[in-house]
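Those sequence lines, one after another, are chains H and P.
Quick note on the numbering used here: the first sequence kicks off at 1 and runs consecutively.
Quick note on the numbering used here: the second sequence kicks off at 251 and runs consecutively.
A virtual CB, placed ideally from N, CA and C, is assigned to each residue, including glycine.
Here the structure is a predicted model, which means the values were calculated and not measured.
Everything below concerns the one structure shown next.
Number of protein chains: 2
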Amino acid sequence: MVERDSDRSVSQTVRAQLSLRDLILSGDLRPGERISELQAVETTGASRTPVRMALVRLEEEGLLEAIPSGGFMVKAFSERDVLDSIELRGTVEGLAARFAAERGVSSRDLEPLKGCLDEIDGLVRQDPISVEAFSSYVALNARFHALLTELSRSPPLIRQVDRASALPFASPSGFVMTQSTLPDARHTLLIAQDQHRVVVDAIENREGARAEAIMREHARVAARNLRLVLRNKTHSDLLPGLALIRMAGD
Amino acid sequence: MVERDSDRSVSQTVRAQLSLRDLILSGDLRPGERISELQAVETTGASRTPVRMALVRLEEEGLLEAIPSGGFMVKAFSERDVLDSIELRGTVEGLAARFAAERGVSSRDLEPLKGCLDEIDGLVRQDPISVEAFSSYVALNARFHALLTELSRSPPLIRQVDRASALPFASPSGFVMTQSTLPDARHTLLIAQDQHRVVVDAIENREGARAEAIMREHARVAARNLRLVLRNKTHSDLLPGLALIRMAGD
DNA sequence: AATGGATTTTCTGTATACATAGATGATCCA
DNA sequence: TGGATCATCTATGTATACAGAAAATCCATT
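Dropping the structure here:
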């Protein structure tokens, strides 16, 4: 079926939000730049009401900043901001893992998680890893992290983990694609996957502190990758939102 | 000066948000109850546009839940939800304290914090503590926690701590007033104040792990108080939002 | 030439009208 | 009498018009 450029099945608000998010993450809208509602109306095709709605949601998402005199601007992030966001995500994921371990999980709950890990094993077995495999890894990794967080069985915590992962460079899978061009790409993925196995093992054995610690360390792999990407600025197109990161000298 | 019921200096959106928040926290709007926009328009006096804006913001705040078919309903919280929210707040505050300790703070930055502590000391010195003193404690305690979080010098983290503290029963000062009627009220406040001193000491000496651990434990004082309040349901009017907590049997 | 003020323009905040989708109630048939 | 279907009605999503405020521009004066 031929899709119109505007799908009637989703609301104008959602459409405007997606459209504006793409514009921000791709760098078409520069950090610090004010987003005019009228301009947003032209680019998204929606009217002002849903556009305003989308802007409010994008502010909550962390991509926009309210201007005191009114309206919104694209937020700029320092390298430190991004590193802190990653550490924060690791911390709340760590709390989720600890809750899961302390409260116990049934083997039935662990099944999908272990299935995920087996699939990832299948991917990292190949050497070198193909670009398609990296793509699959991104999806599986996201799924693993989501399932793990849900093991906490804590809606408030799940909510906060989702919010902490909303920024693309803070999300668990944010830096996977950027790794794909690095020489020791497979090495990094093997380490990350080992950490996945360890945290599941810790949860199974109800080792809360261990589960928490390993998830924190797991996030620091992403921090390492961020530094690599920022040093050799190549392949920066693989990480949406990199345009929002302003280096110290800028 | 006589204030009109509608202050022209703030926007209709903010006024509607404050008004609706009060209605929710006071229990006038029951958990699970759908909030009609038209009804909200009547009670707040604002028109539909700012009311809708306020509803979206209250959803982000965690007080409302979106209904799939459209609109919003008042969210209900289990006792476990609230305990988890408190633990979460303690965890992110702990991260802020660790950042402050690891990165170091100048004695100039610590001054307002220590001033805060001295003022609190003045309050808890009296025995028994007056209701007015409890009120002052709430304000000073909120100020201390805000200053402490800012010591992390991490905008993303400060943002998340604020969000984790947005729910009244998850906020650092949420249970202070409920304590005021309890027999060992002063005892609890003395312990909390000692923890305040310890975390400042840890930060001064750059003991990151210690600073983090004490902030986590500090939040658990609030968790203890929650259980007390829920067991003897008296004085529940001292905690706004208690109406949102649904016990297991309900 | 630079600065201050006034004017114009553009933007956001708000109100409201309209359309569509969902909910509710009544009526008809089995 | 119970269930299903249809109609009506209400509530939300969307579009747009209007007012006030902020920002930019231009002119005048020093």
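Query, Result
"Please classify Ile67(H) as buried or exposed, where buried requires at least 16 other C-beta atoms within 10 Å of its C-beta.", "exposed"
"I need the straight-line Cα distance from Glu462(P) to Ala347(P), nearest angstrom please.", "6 Å"
"Taking only three categories from DSSP, how would you classify Ile86(H)?", "helix"
"Per DSSP, what are the beta-bridge partners of Leu64(H) in this structure?", "Val74(H)"
"Can you give me, in chain order, the residues of the segment 391-418 of chain P that have a beta carbon less than 9 Å from any beta carbon in chain H?", "Ser402, Arg403, Ser404, Pro405, Pro406, Leu407, Arg409, Gln410, Arg413, Ala414, Leu417"
"Going by other Cβ atoms of all chains shown within 10 Å of its Cβ, with 16 needed for buried, is Asn455(P) buried or exposed?", "exposed"
"Taking 8 Å as the limit between beta carbons, can you name the residues of its chain near Ser404(P), skipping five residues before and five after?", "Ala346, Phe349"
"Hey, how far is the Cα of Arg89(H) from the Cα of Leu279(P)?", "34 Å"
"Where does Arg34(H) fall in DSSP's three states?", "strand"
"DSSP beta-bridge partners for Arg246(H)?", "Ser78(H)"
"Please list the residues of the segment 54-66 of chain H that have a C-beta atom closer than 8 Å to any C-beta atom in chain P, keeping them in chain order.", "Val56, Arg57, Glu60, Gly62"
"By how many angstroms is the C-alpha of Glu61(H) removed from the C-alpha of Leu238(H)?", "21 Å"
"Using a C-beta cutoff of 8 Å, does Ser335(P) count as contacting chain H?", "yes"
"Could you spell out where the alpha helix (DSSP H) holding Ser385(P) opens and where it closes?", "381-400"
"Of the choices Leu275(P), Gly277(P), Gln267(P), Glu309(P), whose alpha-carbon is the least far from that of Ala290(P)?", "Gln267(P)"
"For Leu279(P), does the three-state DSSP call read helix, strand or coil?", "coil"
"Please list, in chain order, the chain P residues whose beta carbon lies closer than 9 Å to that of Leu88(H).", "Val342, Leu345, Ser404, Pro406, Leu407, Gln410"
"Is it the case that the Cβ atoms of Cys116(H) and Phe144(H) are separated by a distance below 8 Å?", "yes"
"Starting from the beta carbon of Asp81(H), find every residue of chain P whose beta carbon is closer than 9 Å, and list them in chain order.", "Ser404, Pro405, Pro406"
"Between the segment 149-167 of chain H and the segment 408-417 of chain P, do three or more beta carbon pairs fall short of 8 Å?", "yes"
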